[in-house]
Ligand SMILES: C[S@@+](CC[C@H](N)C(=O)[O-])C[C@H]1O[C@@H](n2cnc3c(N)ncnc32)[C@H](O)[C@@H]1O
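Numbering (the working numbering), first residue to last: 3 to 282.
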């Protein structure tokens, strides 16, 4: 191996011809445990053989379409860093709308009882626990591997949550909450987007309800259908959904007897979260 190809500056330049330069830099900093400043000030610094091999493997995986977050093992949400693995959906900024709307309503209770259905990496539950220190937050997921990631994230951010494994409300018995929040799988099973943008690398159980020929609403409908049996009087249900599902979500909530049914928009002005209040 030539001297030049061991140096971080040269390794970065080579990778830039294959993948996005910022991503090539992020991977190099991850493998080489160096900063951006190190890369600029000391491009001649050399990596060990094992690090060079690790970097080459990560660049090849990124070139093959694997999302950067899985390669780095972490992603940011609401300004905080969270561990991610292939067992969980990569956090999306759109989900901040769900957190914001939940926080806006939670001030109605001194110690709100909140359940996050389909917690995945735990981002929603952890941020709610941090922003609402008196809240009692329960996080539910069907996937034990996802719950392990969520537990690690709760610990990383010093939050104390209750984790429950199972199918939506089933493991909760007849327990009731002030707030039910959820970002469920809502991509229709036949949606061509599932084949693009790194989605094939994400857990399919986190993306789609898997209903062949369906509209992606099966999980949303199941959560709406069970919500009034698990909400206290005056409690709120808030659900994230797809860009074209707001009308259907509101219709489903209104038909279930929810009041004040409405939708809230993300930064791209897309109605991203819908919700309603359980009657008193
Ligand atoms: C879209 S991901 C959301 C993850 C995380 N809350 C977020 O916003 O990034 C949906 C999650 O729902 C979970 N899930 C799917 N079906 C479920 C079910 N029937 N009961 C409980 N969780 C389920 C998946 O394992 C996945 O973690």
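Where a beta carbon is used, it is the ideal one built from N, C-alpha and C, also for glycine.
Distance from the C-beta of residue 231 to the nearest heavy atom of ligand 1 is not below 7 Å.
Apart from the 5 residues on each side of it in sequence, residue 134 sits with its Cβ closer than 8 Å to the Cβ of 105, 108, 114, 116 in its chain, given in chain order. Taking a contact as a CB-CB distance under 8 Å, the pair residue 118 and residue 141 counts as one, their CB atoms being some 5 Å apart. Taking each of 251, 39, 271 in turn and checking the Cα distance to residue 278, the smallest one comes out for 251.
Taking each of 129, 202, 47 in turn and checking the Cα distance to residue 91, the smallest one comes out for 202.
By the CB criterion at 8 Å, residue 152 and residue 123 fall inside the cutoff. Annotation for residue 20: 61, 65 place their beta carbon closer than 7 Å to its own, counting only its chain and skipping 5 residues before and after. Contact check between the stretch 153-172 and the stretch 97-104: fewer than three CB pairs, one atom from each, fall below 8 Å, which does not count as touching.
In the DSSP annotation of this structure, the continuous segment of the alpha helix (DSSP H) that includes residue 34 starts and ends at 23-34. The beta carbon of residue 34 sits no closer than 7 Å to any heavy atom of ligand 1.
Here the alpha carbons of residue 204 and residue 16 stand approximately 28 Å from one another. Where residue 208 is concerned, the enclosing alpha helix (DSSP H) starts and stops at 206-209. Its chain contains 118, 121, 139, 141, 163 as the residues whose beta carbon lies nearer than 6 Å to that of residue 127, once the 5 sequence neighbours on both sides are disregarded; these appear in chain order. With a cutoff of 8 Å on beta-carbon distance, residue 27 and residue 41 are scored as near each other.
Residue 73 sits in a helix when the DSSP states are folded into three classes.
For residue 89, the three-state secondary structure derived from DSSP is coil. Only exposed fits residue 249, as fewer than 16 other CB atoms lie within 10 angstroms of its CB.
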